[in-house]
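Right, one structure below, let's go through it.
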Amino acid sequence: AFMDKSFSRGGQYVREKCCNTNANNNNNANVHVNVTTKAQEDKCVHDAGYFEGFLDLIEVCDNPHWRPQSQRMEPKYWKLIDFVGRMDRRHVQDDAKRLLQRIGAWDDYGQSGWGKHGNMTIFETNTAMMHHTNSTSKINLLIPRYKVRIQNYYRNDYTYLGLPLSNNVSQTILDRDYAWKHRNVHRYRSVLNSVPLEEMAKQYDQKHLQ
């Protein structure tokens, strides 16, 4: 979200959604940014163009592009979730296929008919790839205190599923989307050390549930 919504395009997205004047924010209960003048608006956008400033901003400006999964619906509904797909460039095609196969719609809606000539499978052209910002490759550039802030911001995403937070903050962040695959956790591995998440969960149970 930082690379795409705040750093690039002159910060136009955060200007519109977060850094506009209070006159435009009166009807948005999720925005609590103190912006009343054009100068303050410009400063808000400028500060959000730096990663630390962006972290400050997301704490006072709720937005679906960076909102934790745990805040997207009431806790009582999480037990009903039986599929979570990823939209990142490496997995969107596989997850779309898995979902369509599960509901019996792959042959009719996913196997063909996509692409310029209608001869590709769904997401084979992968719009997410064109949209991606290589954020995963940039995560190791973050200094430790930023990593800790990110981990804390998304902490409840793990708590809701009873999954442990890794001592390795980088790994925790990168594994966040994997953790949401808890119903098929044996299929997914840590992107850094190839430890199956199923094994990670087992180790956690042995340590904390004895």
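Heads up: the sequence shown begins at 299 in the numbering used here, then just goes up one per residue. Where is the CB? At the ideal position from N, CA and C, for every residue including glycine. Note that the structure is a prediction, hence the values are computed from the model and not measured.
- Taking the Cβ atoms as the reference, V312 lies roughly 16 Å from A337, outside the contact range of under 8 Å.
- By DSSP's assignment, W412 forms a beta bridge with M418.
- In the DSSP assignment, the residues bridged to C359 are V329.
- Short of 8 Å from the beta carbon of P373, and not among the five residues preceding or following it, lie these beta carbons of its own chain, in chain order: Y458.
- In the three-state scheme derived from DSSP, where H, G and I count as helix and E and B as strand, Y451 is classed as helix.
- Taken through DSSP and simplified to helix, strand or coil, D405 comes out as helix.
- Within 10 angstroms of the beta-carbon of G408 lie 16 or more other beta-carbons, which makes it buried.
- The straight-line gap separating the alpha-carbon atoms of D386 and F421 is approximately 11 Å.
- Per DSSP, H344 is one residue of the alpha helix (DSSP H) stretching across K336 to A346.
- Distance from P362 to D455 at the Cβ level is roughly 14 Å; contact not present, criterion being Cβ atoms closer than 8 Å.
- In the structure shown, the three-state DSSP call for Y456 is helix.
- DSSP places W376 in the helix class (H, G or I) of the three-state scheme.
- Going by DSSP, A394 is part of the alpha helix (DSSP H) stretching over V390 to R400.
- Nearest Cα to L355 within the set G402, F300, I401 and A394: F300.
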